[in-house]
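If you count the sequence shown from 1, position 108 lands on 108 in full-length UniProt numbering, and the numbers rise without skipping. Think of the CB as a built atom: it goes at the ideal place given N, C-alpha and C, for glycine as much as any other residue. Since we're looking at a predicted model, the values are computed, not measured.
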Amino acid sequence: MEIDGDEIQQININFENIYYTVSVPKQKEKKNVLKGISGCFKSGELTAIMGPSGAGKSSLLNILTGFTKQGVKGVLEMGEKNTRYDGQKSCSYILQEDHLYPFFTVNETMTIATNLKISDRCMSHDEKQLLIDQILETLHLTYVKDTRCGSLSGGQKKRLSIALELIDNPPILFLDEPTTGLDSSSSTHTIRLLHNLAREGRTIVCTIHQPSASIYEMFDHVYALAEGHCVYQGSNANTIPYLASLGLQCPQYHSAPDYLLEVTNGEYGNFTYQLAKAAINDQWRSSTTSVYIREEYENSLDRDRDRIDDRISNDTDEKRISVYTKTSDEMSAKFSLKGGERTTPSEWTRLWVLIARCNVLLFRDWTVTNLKFLLHILCGILIGLLFGDSGVNADKSISNVGFLLINGVYLWYTTMMPSVLRFPAEISILKKEVFNNWYKLRTYYLATLITSTPLHVLNTSIYICAVYFLTEQPPDSTTFFKVLFVYILVTIAADGFGILLGTLNNPVNGTFFAAVLSCFMIVLSGFLVLFKHMPKMLQFISDTSILKYSLEACVVTVYEIDRKDLQCPEDVLYCHYRKPETILKELGMENGDYVSNVIKLIAQLLFFKSMCYFTLRRRLLKS
Ligand SMILES: Nc1ncnc2c1ncn2[C@@H]1O[C@H](COP(=O)(O)OP(=O)(O)OP(=O)(O)O)[C@@H](O)[C@H]1O
């Protein structure tokens, strides 16, 4: 099978006078995180953004990727001068943590990503599989192709995260601390891989905390930050000569990255200002600089001169070429099947891919589906047995109203609580995928709605079937389906309410607010405190309780005016609630109407669901 080769677009990133300020709570003055830094990250080079903790590395990366826009001033250009910067469209951002679904295998994860990124019109299924196989081979992941992501090692997860972003062959790759959490051999492997990918013409930029000397040597360009200033921009080999030019002689047995970090950390005094001034000069990036330095420092100590010379000769292009030629050739041979003009699938196609992914996830994560089924059946039987024949027994009518409320409360809680925790857990994956243009947020949200709704209907039906018949509610199908419909609406609304709280708060606060607000909803449902007994000025609050509408809709359905009298047990002398209308009057629901309550339920449900989308969007932008 032959697919035309795909040229990698060569894009340089230029930035000038980047200032980034943030507001700090309880402080009048804004904090200057980046203080007018400039630089150029070239295609075909692997760039390291280095510096001590808090220097502004992540802030710079977030600005370059387009993640951070607020509080940023300066010029960012991509490619030719004056080209409009649209980092988000041309780059992929690989975050520090590897956010992968643990229930999918490596091959499945790659297939889903390929289907989301490449249209079927430009690549057949077999061609996509070939592309996946090649990327996996290049990243040494073929042997774990059928392993679930949850069982991968840290290094394998990192390589898979890179593999996922290589599918659409982005010209720019940003990585936030790609070696964090990896052992030294995995770290070296990952950086070597990035180096090779850069050699194909990509612009690869990563932040790195404290690279070893061998890792440092693989970076073509080093951009060091300290206190928001650029304190060095140049090749790895020029680091020591650069510092020496400012009188900072690297001690014997110190590696260049260690010494650079020590200097930027202020271990030899505060040189930030001098370094920032000297770093404006970008002569340190070119290999010719090395020759210049050799002359410049001819008079330095023999030991230092030897080291400088060693560094310079190590960095000659000749050496680089001899080391990487083989790998580059291998890589280009492998990537010759990357595909010609690639088009992205429509959002409609992506929707189906996401629906399929959500469905598989639901069935693989047995705690979400099987356990819920089982619990609904067990709880349905238990609650049904507890309330016994309350549906027909006139002596148990008050218990039966309690039963109609308890059903709503049970379904509300069991649906809302997992939903509060669901999106905080998924937000990182969502953030990564939406930002890297896998799909739009609305497509994802629609897919989750489409997948979760049938599950809510099924769970509610299982529970209601058990309790309805065990408690001997009216046996006609119309009443059954009317009651079932009300509880389905409660369940779907609970899901929306949970997601809303989950996206507005962190999980701890989310569950706290969910519990407190639900308690109020129960109290305001019109059963524990009758509506007529509520203070007049507070009656309107009960309108916010979704459980009030569900209870009223169920009570007016079960105790409709023309229902026959309820049975009074022989051993009971007097049954006050024998006539259904007595119950309705007692609860103040004699004028209650099923349809209007259902409309209010639907309105609340739609409100929660649409608010969820906006809060999710806000949360995504904020994080
Ligand atoms: N949104 C923000 N609000 C307040 N302070 C911020 C914000 N963003 C960054 N900062 C501050 O700016 C400084 C630089 O942060 P940044 O995360 O860029 O540093 P870093 O070099 O990546 O550090 P590390 O290596 O520890 O991750 C820190 O002091 C941080 O507290």
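- By alpha-carbon distance to Leu173, the top candidate from Cys206, Asn115, Met537 is Cys206.
- The C-beta of Trp348 has fewer than 16 other C-beta atoms within 10 Å across all chains shown, which makes the residue exposed.
- With a threshold of 16 other beta carbon atoms within 10 Å, Thr448 meets it and is buried.
- Using a Cβ distance threshold of 9 Å, Ile429 and Leu100 count as a contacting pair.
- Between the segment 487 to 503 and the segment 410 to 427, the count of Cβ pairs shorter than 8 Å is three or higher; the stretches touch.
- Taking a C-beta distance under 9 Å as the contact criterion, Ile132 and Asn107 qualify as a contact pair.
- Between ligand 1 and the CB of Val33, the shortest heavy atom gap is smaller than 8 Å.
- Listed in chain order, the non-local C-beta contacts of Ser542 below 7 Å within the same chain comprise Leu524, Gly526, Phe531, Met534, Lys548, local neighbours out to five positions each way being set aside.
- Between Met50 and Ile208, the gap from beta carbon to beta carbon is short of 9 Å.
- Look at Lys69: its beta carbon is at least 8 Å from all of the heavy atoms in ligand 1.
- When the beta-carbon positions are compared, Lys35 and Glu227 come within less than 9 Å of each other.
- For Ala447, the enclosing alpha helix (DSSP H) covers residues 441 to 470.
- If you check the CB distance, Ile355 and Ile450 come in under 9 Å.
- Cβ neighbours of Phe614 within its own chain (closer than 6 Å, five residues either side excluded): none.
- Exclusion of Leu411 from the 8 Å shell around ligand 1 follows from its C-beta lying no nearer than that to any non-hydrogen atom of the ligand.
- Between Val486 and Asn597, the C-beta gap is smaller than 9 Å, which places the two residues in contact.
- DSSP places Ala226 in the strand class (E or B) of the three-state scheme.
- Going by DSSP, Leu131 is part of the alpha helix (DSSP H) stretching over 125 to 138.
- Here the alpha carbon of Gly155 sits roughly 45 Å from the alpha carbon of Leu489.
- In the three-state scheme derived from DSSP, where H, G and I count as helix and E and B as strand, Met50 is classed as strand.
- Inclusion of Glu552 and Pro580 in the CB contact set at 9 Å is not warranted, their separation being larger than that value.
- When DSSP states are grouped into helix, strand and coil, Ile561 belongs to the coil group.
- For Gln274, the three-state secondary structure derived from DSSP is helix.
- Counting the other Cβ atoms within 10 Å of the Cβ of Gly79 gives 16 or more, which makes it buried.
- When DSSP reads this structure, Cys358 sits in no beta bridge, so it has no partner.
- In the three-state DSSP reduction, Tyr143 falls in the helix class (H, G or I).
- In the structure shown, the three-state DSSP call for Met78 is strand.
- Taken in chain order, the segment 470 to 499 contains no complete alpha helix (DSSP H) segment of 4 residues or longer.
- Residue Asp495 holds the alpha-carbon nearest to the alpha-carbon of Lys609 among Ser477, Asp495, Ile583.
- The DSSP-derived three-state label of Tyr549 is helix.
- Take the alpha-carbon of Asn265 and the one of Ala55: they are about 9 Å apart.
- One alpha carbon belongs to Leu160, the other to Phe607, and they sit about 39 Å apart.
- Distance between Val392 and Glu433, taken at the CA atoms: about 54 Å.
- In the DSSP assignment, Asn393 is bridged to Gln567.
- Residues Val106, Gln156, Arg159, Leu160, Ala163 of the same chain have their beta carbon placed closer than 7 Å to that of Leu141, with the five preceding and five following residues left out of the count.
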